[in-house]
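Trainee:
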Amino acid sequence: MLLKLVALLALCIPLWSEQRIVALSPAVNEILFALGAGERVVANTEFCNYPKEAKTKPKVGGYFSPSFEKIVALKPTLVIMQENNAHLADKFRRLGITVEVTQIDTYPSIRRAILKMAHIVGNESKGDTIVKGLDQKMASLEGIVKNRKVLMVFGHNTDLSKPLYVSGQNLYFDDIIRASGNVNALQSRRRGQPVVNLEQIIGMNPDIVVLLAPNTKALGLTREALISPWKRLPINAVRYGRIYVADGEYSNNPSHRLGLFLDDYRGFMLHAARR
0 MLLKLVALLA LCIPLWSEQR IVALSPAVNE ILFALGAGER VVANTEFCNY PKEAKTKPKV
60 GGYFSPSFEK IVALKPTLVI MQENNAHLAD KFRRLGITVE VTQIDTYPSI RRAILKMAHI
120 VGNESKGDTI VKGLDQKMAS LEGIVKNRKV LMVFGHNTDL SKPLYVSGQN LYFDDIIRAS
180 GNVNALQSRR RGQPVVNLEQ IIGMNPDIVV LLAPNTKALG LTREALISPW KRLPINAVRY
240 GRIYVADGEY SNNPSHRLGL FLDDYRGFML HAARR
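Following numbering that gives the first Met the number 0, the numbering of the sequence shown begins with 0 at its first residue and continues without gaps.
#1: Output needed for L1: all residues of its chain with C-beta closer than 6 Å, excluding positions within five of it in sequence on either side, in chain order.
#2: With 16 other CB atoms within 10 Å as the buried threshold, where does I175 fall?
#3: Span of the beta strand (DSSP E) holding L210?
#4: Where does the unbroken beta strand (DSSP E) through A42 begin, and where does it stop?
#5: Would you be able to state if there are at least three C-beta pairs under 8 Å between the stretch 194-209 and the stretch 152-164?
#6: If we count the other Cβ atoms within 10 Å of its Cβ and call it buried at 16 or more, is E38 buried or exposed?
#7: What number of angstroms, rounded off, separates the C-alpha of C11 from the C-alpha of N204?
#8: Looking at C-beta atoms only, is the number of pairs between the stretch 229-238 and the stretch 248-268 that lie closer than 8 Å three or more?
#9: List the residues that DSSP assigns as beta-bridge partners of P22.
#10: Taking the DSSP output, what are the residues bridged to L65?
#11: Within 10 angstroms of its Cβ, does L261 collect 16 or more other Cβ (buried), or is it exposed?
#12: If we ignore side chains and look at the alpha-carbon of each, how far apart do E99 and K230 end up?
#13: Less than 9 Å between the beta carbons of K41 and L73, yes or no?
#14: Is it buried or exposed for F63, if we count other Cβ within 10 angstroms and need 16 for buried?
#15: Go to E99, then tell me how far its beta strand (DSSP E) extends in each direction, as first and last residue.
#16: Can you grab the Cα-Cα spacing for the pair K145 / T128, in whole Å?
#17: Helix, strand or coil, according to DSSP, for K148 in the structure here?
#18: Could you tell me if Q18 is buried or exposed, where buried requires 16 or more neighbouring beta carbons within 10 angstroms of its beta carbon?
#19: Let's see if you can read the secondary structure: which residues bound the beta strand (DSSP E) around A245?
#20: For the stretch 89-98 against the stretch 111-118, are there 3 or more C-beta pairs whose distance is under 8 Å?
#21: Any idea if L31 is buried or exposed, counting beta-carbon neighbours within 10 angstroms, 16 or more meaning buried?
#22: Got a sec? Which residues, its chain only, sit under 7 Å from V78 by beta carbon, not counting five neighbours each side?
#23: Over what stretch of residues does the alpha helix (DSSP H) that includes L259 continue unbroken?
#24: Using beta-carbon positions only, say whether A212 and M116 come within less than 9 Å of one another.
#25: Out of curiosity, what's the CA-to-CA distance linking N169 and Q186?
#26: Straight-line CA distance for A6 to I103?
#27: How would you write the range of the beta strand (DSSP E) that V130 sits in, first residue to last?
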């Protein structure tokens, strides 16, 4: 009887250690490692370079162009992807490979993704801890400065005469701005990263500009080189010295390391409050 009970319990235990996971985005990859499931990741993409152990994993292509054949050859039990690769989901499922399509764009979706992956790998407690920490950092932003127009700009832009990509209302950057008691300088229904020009930026007249420029030093640039072209613009952010560079490698990666960007953003708001 005892042996039968033990055998039954064994069948009920999820075989997490037998998972073979392919992570098809840097954010998914980083979250899995943060949840202690890095050893189960059998492959990721060319841009998955954190933590350092992720660099040694087999690469199955880029963020938008993973190789279906390479992934299948690795015999994964699970492929976790963001919505940009959802067109591959049915192809994997037809081969009996489990697929999780994860939305990671707004702050609520980042929270859900972390908790969902924590459940998948059997480490709910770690997922809860990560999300709680992010929530606390979001809450700490409130009221440092209020009702300022904040513009989030993507890329290493040294020539502002060219089109610039900025954060729209449907990204987690907008959630961060609103959590701090401020407003997105770009008020538009355009999704993702809308393109704006110099005239539009001047018309917005942002009070605070945050330049999202990860790995600036690795590209041979300096923060001053990125800020310099902005100094010629007749906007409040220039007038009061509120242009900031977020150049940590995590600056636009919606993983658990969002907490590091929240620390940076809080520092920017504290500085802005003194201007």
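All C-beta atoms, glycine included, are put in the ideal place defined by N, C-alpha and C.
Mentor: In terms of the structure at hand:
#1: Per-residue confidence for L1 stands at a pLDDT of 47, beneath the threshold of 50, marking its modelled position as unreliable; the derived number appears in the next sentence. Leaving aside the five residues that flank L1 on each side, none in its chain has a CB nearer than 6 Å to its CB.
#2: Buried: at least 16 other Cβ atoms inside 10 Å.
#3: Start and end: 207-211.
#4: Looking at the DSSP string, the run of the beta strand (DSSP E) that includes A42 is 40-42.
#5: Touching, yes.
#6: Exposed is the call here.
#7: Low confidence applies to C11: its pLDDT is 43, below 50, so where it sits in the model is not reliable, and the reading given next is rough at best. Cα atoms of C11 and N204: separation of roughly 60 Å, rounded to the nearest angstrom.
#8: Under the three-pair Cβ rule at 8 Å, the stretch 229-238 does not count as touching the stretch 248-268.
#9: According to the sequence shown, residue 22 is Ala rather than Pro. Paired residues: I79.
#10: Per the sequence presented here, residue 65 reads as Pro, with Leu not at that position. DSSP output for P65 lists G60 as bridge partner(s).
#11: Classification for L261: buried.
#12: Rounded to the nearest angstrom, the two C-alpha atoms are 45 Å apart.
#13: First, the residue type needs correcting, since residue 41 is Val and not Lys in the sequence shown. The answer is yes: Cβ separation under 9 Å.
#14: Label assigned to F63: exposed.
#15: Per DSSP, the continuous beta strand (DSSP E) segment holding E99 begins and ends at 97-101.
#16: Roughly 29 Å separates the two Cα atoms.
#17: Of the three classes helix, strand and coil, the one that applies to K148 here is strand, per DSSP.
#18: Buried, since its Cβ has 16 or more Cβ neighbours within 10 Å.
#19: Taken as a continuous stretch (DSSP letters only), the beta strand (DSSP E) holding A245 covers 242-245.
#20: No, they do not touch.
#21: Looking at its Cβ environment, which holds 16 or more other Cβ atoms inside 10 Å, L31 is buried.
#22: Sequence-distant partners of V78 (beyond 5 residues in either direction) whose C-beta falls short of 7 Å from its own C-beta, in its chain, are V21, L23, I70, F91, I96, V98.
#23: If you look at L259, you'll find it in the alpha helix (DSSP H) that goes 257-272.
#24: Not closer than 9 Å, so no.
#25: Distance between the alpha carbons of N169 and Q186 is about 11 Å.
#26: Low confidence applies here, because A6 scores a pLDDT of 45, under 50, leaving its location unreliable; read the following figure in that light. Taking C-alpha positions only, A6 is separated from I103 by approximately 39 Å.
#27: For V130, no beta strand (DSSP E) run applies; the uninterrupted alpha helix (DSSP H) run containing it begins and ends at 123-138, by DSSP.
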